[in-house]
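To keep things clear, I will list the structure first and then write my remarks on it.
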Amino acid sequence: MGDLLDIRNLAVDFMAHEGIMYALCGVDLTIGKGEIHGLVGESSCGKSTAAKAILGLHNKKRTRIKGEILFEGSDILAMPPREVAKLRGSAISIIFQDPMASLNPLMGIGSQIAEMYRLHENASKRLAREKAAAMLEKVGLTPSELRYKQYPFELSGGMQQRAMIAMAISCSPKLLIADEPTTALDATIQAQILELVKSVSDEMGMSVLLITHNFGIIAELCKRVSVMYAGRVVETGDTQELLASPKHPYTIDLIASIPRLENSSEKLTSIAGSPKALYEPPVGCQYYSRCSRRLDICEKQYPETRDVGAGHKAACHWSHSA
Amino acid sequence: MIATIAAIAVLVFFTVRLSPSDPIASITKGKTVSADTRQALIEQFHLDKSLSEQFIIWLNGMFHGDLGESYQYRQSVSFLIKQRVSTTLGLAALATSIAFALSIPIGIISAVMQDSFIDKALSVFALVFVASPTYLIAIAFMYIFALKLKMFPSIGTGTFRHLVLPASAMALNMVALSARITRQSMIDELQSAYMLTANAKGLSKARAVLVHALRNALIPVITIASLQMGGMLIGAVLVETVFAMGGLGDLLISSIRSSDYPVVQAITMLMVAIFMLLSLLVDILYAVIDPRVRNTA
Chain F
1 MGDLLDIRNL
11 AVDFMAHEGI
21 MYALCGVDLT
31 IGKGEIHGLV
41 GESSCGKSTA
51 AKAILGLHNK
61 KRTRIKGEIL
71 FEGSDILAMP
81 PREVAKLRGS
91 AISIIFQDPM
101 ASLNPLMGIG
111 SQIAEMYRLH
121 ENASKRLARE
131 KAAAMLEKVG
141 LTPSELRYKQ
151 YPFELSGGMQ
161 QRAMIAMAIS
171 CSPKLLIADE
181 PTTALDATIQ
191 AQILELVKSV
201 SDEMGMSVLL
211 ITHNFGIIAE
221 LCKRVSVMYA
231 GRVVETGDTQ
241 ELLASPKHPY
251 TIDLIASIPR
261 LENSSEKLTS
271 IAGSPKALYE
281 PPVGCQYYSR
291 CSRRLDICEK
301 QYPETRDVGA
311 GHKAACHWSH
321 SA
Chain U
323 MIATIAAIAV
333 LVFFTVRLSP
343 SDPIASITKG
353 KTVSADTRQA
363 LIEQFHLDKS
373 LSEQFIIWLN
383 GMFHGDLGES
393 YQYRQSVSFL
403 IKQRVSTTLG
413 LAALATSIAF
423 ALSIPIGIIS
433 AVMQDSFIDK
443 ALSVFALVFV
453 ASPTYLIAIA
463 FMYIFALKLK
473 MFPSIGTGTF
483 RHLVLPASAM
493 ALNMVALSAR
503 ITRQSMIDEL
513 QSAYMLTANA
523 KGLSKARAVL
533 VHALRNALIP
543 VITIASLQMG
553 GMLIGAVLVE
563 TVFAMGGLGD
573 LLISSIRSSD
583 YPVVQAITML
593 MVAIFMLLSL
603 LVDILYAVID
613 PRVRNTA
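Sequences listed follow chains F and U, in order. Residues in the first sequence are numbered from 1 upward in steps of one, following my numbering. Residues in the second sequence are numbered from 323 upward in steps of one, following my numbering.
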């Protein structure tokens, strides 16, 4: 199975007032056709930055992007802006964390979906309307005639996210980026939304890049998973394999910090310290200061990414030397 | 709304009568008249009655469409207003149209090209006009476009060409402020999450800005504009005087000078009514633009 998306050595720098912020420092990530790929990491590790880079949504004046983002073999970063705009919404879609803010408050949700057909399929007003109504039906927003006319503020958070999903998948994209799609929703709705994403992916053969910081979601939905830390992917592998035998100390600590029912009497485990924003090009491993398994070399030289098992890669001197 | 109008009627009526001058002098145009004539006039205009009685007479008249008789012109107030109202309303309407037609595109351009040379130039332009009083701009316009370039008549009224200069002078002040508000509001909207969605949908920049952001950005602009339109009526008073247009503003000023109570009262009430009507229109406009308002109303 060929890769749908192949990100190679992606670096994104933000030109901030304080100086240059190195948000991504060489991200490698591949997503196969029809695959649901999990992307985990703590807040501000660059997950969303990577997602926006795939769609070319960064402000060009304030960001510097290097590397390659190969989508079906052609590099999005090398495409003229018009070509990238054509991909957006039709071949690659995205849904965000806060559906309320992400929908236009003054437009009916039906019209917001119909806009996609008008734009990408040149559909007539009537056809776009019919297709949008069918899409509402598909994501469970019924009765669709009523929902079509409703405005975002008239819907619950879960229904808003369903509307976002309907809009995102309306033109049968090959890749859906779900940027923490359930963080703002309560637990019962989370499961429904994730189930919807999974069923749509199965049905349409659509790949999904699922960004989250919840390993439970990853374990349930994702075939493969990548772990990000401070602007890099530090470990990638098949979900079962990676969860069973994590190789990077950050992944090990992250998995150890998941609260478990069987030892609920114990204190919650956490990783001491916090990642810092990078205003200088990083040298060595960024996890060094928080790592309990660090070696001398870790501070000076960033480890290369190596195979550490079948379909399992990690970037860590400690695990390479073990 | 009715309570507001009633309160304003009381306020207007009694404030006007605080002026120390003698209305009879206005009626007789300053000529000395015999005591009998004077007494007759006082009775004719109900000036012998108590203030509260006069107030009731005035209110009663208003309900029957009778605004009284002007002291200085000895003509019915309704007639005086009818003669002049089109000039003032035309002036205000044209000024508002010019203001909207200029300020919204300027605001959008500045927001989209934020911090560019064009944005900065427009911002300096706006600052200059926000700080210039309307009458100053009016005089400057009259000098440049009427006296020097002879493009438009300098004074008078009657044709559309007469309205252009004074309306532009009034508009500029409003353009400057509205454009700034549009710009800021637009910048906020351009950074919103739904605009990220609009871009992610693959919409062209023009459609994302003009269809998605603009409608959201207009809400605060309308609020400010409605307040400015009220101010526009006051601006009209000054500008009409500069351009000697003989509108309501001119009439109001001369009536205040000569203690012509019925005229001052009528014009003030008319402006209050127009202002309130505008507020009502703006509230309706909010509901048209914003479904959230529609739903709670």
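By construction, the Cβ of each residue, glycine as well, lies at the ideal position given by its N, Cα and C atoms.
{"Check": "Is M1 of chain F helix, strand or coil by DSSP?", "Outcome": "Unreliable positioning characterises M1 of chain F in this predicted model, as indicated by a pLDDT of 48, which lies under 50. A coordinate reading is not provided."}
{"Check": "Helix, strand or coil for F71 of chain F? Go by DSSP, reduced to three states.", "Outcome": "strand"}
{"Check": "Could you tell me the alpha carbon to alpha carbon distance between M1 of chain F and L532 of chain U, rounded to whole angstroms?", "Outcome": "Per-residue confidence for M1 of chain F stands at a pLDDT of 48, beneath the threshold of 50, marking its modelled position as unreliable; the derived number appears in the next sentence. Each residue's Cα considered, the two are about 43 angstroms apart."}
{"Check": "In this structure, what does DSSP give as the bridge partners for L39 of chain F?", "Outcome": "F:I211 and F:S226"}
{"Check": "In the DSSP output, which residue or residues are listed as bridge partners for C25 of chain F?", "Outcome": "F:A11"}
{"Check": "Kindly indicate the opening and closing residues of the beta strand (DSSP E) around L532 of chain U.", "Outcome": "That residue, L532 of chain U, is in no beta strand (DSSP E); it is neither H nor E in DSSP."}
{"Check": "Is the separation between the beta-carbon of V234 of chain F and that of V225 of chain F shorter than 8 angstroms?", "Outcome": "no"}
{"Check": "Using 8 angstroms as the limit for Cβ to Cβ distance, is F153 of chain F near chain U?", "Outcome": "yes"}
{"Check": "Do I477 of chain U and F565 of chain U have their C-beta atoms within less than 8 angstroms of each other?", "Outcome": "yes"}
{"Check": "Compute the Euclidean distance between the alpha carbons of I459 of chain U and S490 of chain U, then round it to the nearest angstrom.", "Outcome": "9 angstroms"}
{"Check": "Quick check: what's the CA-CA separation for I606 of chain U versus A133 of chain F?", "Outcome": "30 angstroms"}
{"Check": "Inspect the CB distances between the region 176-184 of chain F and the region 85-103 of chain F and report whether three or more fall short of 8 angstroms.", "Outcome": "yes"}
{"Check": "For M567 of chain U, which of U:L487, U:F422 and U:S419 has the nearest alpha-carbon?", "Outcome": "U:L487"}
{"Check": "Any C-beta of chain U sitting closer than 8 angstroms to the C-beta of A85 of chain F?", "Outcome": "yes"}
{"Check": "A520 of chain U to L141 of chain F, Cα distance in whole Å?", "Outcome": "21 angstroms"}
{"Check": "Sort out for me which residues DSSP pairs S270 of chain U with in a bridge.", "Outcome": "Past the boundaries of the shown model lies residue 270 of chain U; chain U is included only from 323 to 619, so the question cannot be answered."}
{"Check": "To the nearest angstrom, how far is the alpha carbon of G205 of chain F from that of A415 of chain U?", "Outcome": "59 angstroms"}
{"Check": "Taking any Cβ of chain U, which residues in the region 102-133 of chain F have a Cβ under 9 angstroms from it, in chain order?", "Outcome": "S102, L103, N104, P105, L106, M107, G108, Q112, E115, M116, L119 and H120"}
{"Check": "Using 8 angstroms as the threshold, is the C-beta distance between V40 of chain F and T305 of chain F below it?", "Outcome": "no"}
{"Check": "What are the start and end residues of the alpha helix (DSSP H) that includes T326 of chain U?", "Outcome": "I324 to V338"}
{"Check": "Mind the definition here: the region 24-36 of chain F touches the region 44-64 of chain F only if three or more C-beta pairs lie below 8 angstroms; say whether that holds.", "Outcome": "yes"}
{"Check": "By the 8 angstroms beta-carbon criterion, what residues does the region 154-167 of chain F contribute toward chain U?", "Outcome": "E154, M164 and M167"}
{"Check": "Is the region 597-617 of chain U touching the region 358-365 of chain U, taking contact as three or more C-beta pairs under 8 angstroms?", "Outcome": "no"}
{"Check": "Return the bridge partner residues of K313 of chain F from the DSSP annotation.", "Outcome": "F:T236 and F:D307"}
{"Check": "Candidates U:V450, U:S445 and U:S507: which alpha carbon is nearest T545 of chain U's?", "Outcome": "U:S507"}
{"Check": "Taking any Cβ of chain U, which residues in the region 30-56 of chain F have a Cβ under 7 angstroms from it, in chain order?", "Outcome": "L55"}
{"Check": "Taking DSSP as the reference, what is the three-state secondary structure of V64 of chain F?", "Outcome": "It is Arg, not Val, that sits at residue 64 of chain F in the sequence shown. Three-state DSSP puts R64 of chain F in a strand."}
{"Check": "When the Cα of N9 of chain F is compared with those of F:E115, F:V308 and F:K66, which residue comes out closest?", "Outcome": "F:K66"}
{"Check": "Could you confirm whether any beta carbon from chain U is found closer than 8 angstroms to the beta carbon of I94 of chain F?", "Outcome": "yes"}
{"Check": "Based on the DSSP output, what are the partners of G56 of chain F in its beta bridges?", "Outcome": "Partner(s): none; G56 of chain F has no beta bridge."}
{"Check": "Taking only three categories from DSSP, how would you classify T182 of chain F?", "Outcome": "coil"}
{"Check": "I'd like to know whether the C-beta atoms of A314 of chain F and K247 of chain F end up nearer to each other than 8 angstroms.", "Outcome": "yes"}
{"Check": "List the endpoints of the continuous alpha helix (DSSP H) containing I193 of chain F.", "Outcome": "A187 to M204"}
{"Check": "Looking only at DSSP bridge pairs, what is T30 of chain F linked to?", "Outcome": "F:D6"}
{"Check": "Which term fits D370 of chain U, buried or exposed, when burial requires 16 or more other beta carbons within 10 angstroms of its beta carbon?", "Outcome": "exposed"}
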